[in-house]
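According to the working numbering, the sequence shown is numbered sequentially starting from 265.
Just so it is clear, CB atoms sit at the ideal spot from N, CA and C, and this is done for glycine as well.
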Amino acid sequence: MSTPPFEPGLIDEMRPIPSWPKVIGIISICWGALGLVCTGCGGLWYALGPQWLAQQPGMGELPPSMKPTGAMWLVLAAGLGLAGLLIGAGVTCTMRRPVARPLHLVYAVLALLVGVVSTYVQWQTMVAMNQWVAENPDSQFAKQHNAAGQMAGLVAGLVIGNAWPLFALVWFGAVKRTRESFGPPPEPTLV
Numbered sequence: 265m266s267t268p269p270f271e272p273g274l275i276d277e278m279r280p281i282p283s284w285p286k287v288i289g290i291i292s293i294c295w296g297a298l299g300l301v302c303t304g305c306g307g308l309w310y311a312l313g314p315q316w317l318a319q320q321p322g323m324g325e326l327p328p329s330m331k332p333t334g335a336m337w338l339v340l341a342a343g344l345g346l347a348g349l350l351i352g353a354g355v356t357c358t359m360r361r362p363v364a365r366p367l368h369l370v371y372a373v374l375a376l377l378v379g380v381v382s383t384y385v386q387w388q389t390m391v392a393m394n395q396w397v398a399e400n401p402d403s404q405f406a407k408q409h410n411a412a413g414q415m416a417g418l419v420a421g422l423v424i425g426n427a428w429p430l431f432a433l434v435w436f437g438a439v440k441r442t443r444e445s446f447g448p449p450p451e452p453t454l455v
């Protein structure tokens, strides 16, 4: 079993350096990068998806709810901003900077709020799409529509989308609340 690294120059106190800031920081950076990619793909779908579907042979008319609304674009922009904030919070956390704590807390609260708004917007879109499908049962889109799949996607999005913000809220709000919990900042390397 290996011994934990110790702070240099503290022979009389010999406290171990916590490794959690690097782990949490890297996870935040990866989660934020994934958010940038997924939100970017969502934006491409909003912009190009309905046009692409309309050009498919035999597809016919699409539900009006397939066209992105202003609320959809606002939620998308908020998602991009939150992903950037999380990457910044992760970088500061890997550097053991105490500012990582308030950045993660701001991210967590905003992400949970945006999650509620996003879920509401998605729910409204699903209701409108299901109503259109019921009114147009002979359309090709209605024949391929899967309301249960939409609901499963909404629930999965809620669980996955809120997991890291909830963790960050508990971790930085209740567990790691002091500057000392970050340990000393790493020594700068001279190149």
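Collapsed DSSP secondary structure at residue i in the structure displayed
i      : result
Pro366 : helix
Lys440 : coil
Asn394 : helix
Leu312 : helix
Met415 : helix
Pro285 : helix
Val378 : helix
Pro448 : coil
Pro401 : coil
Leu454 : coil
Trp435 : helix
Buried/exposed call for residue i, threshold 16 Cβ in 10 Å
i      : result
Val397 : buried
Cys305 : exposed
Val339 : buried
Ser382 : buried
Pro429 : buried
Tyr384 : exposed
Leu454 : exposed
Phe436 : buried
Pro401 : exposed
Ile331 : Checking the displayed sequence, the identity of residue 331 turns out to be Lys instead of Ile. Exposed, by the Cβ-count rule.
Trp316 : exposed
Arg360 : buried
Leu274 : Note that Leu274 scores 48 on pLDDT, short of 50, meaning its location in the model is unreliable and no value can be drawn from it.
Met336 : buried
Residue i - containing alpha helix (DSSP H), residue span
i      : result
Lys407 : Gln404 to Gln408
Alpha helix (DSSP H) runs wholly inside the segment 316 to 350, at least 4 long, in chain order: Complete alpha helix (DSSP H) runs here, min 4: none at all.
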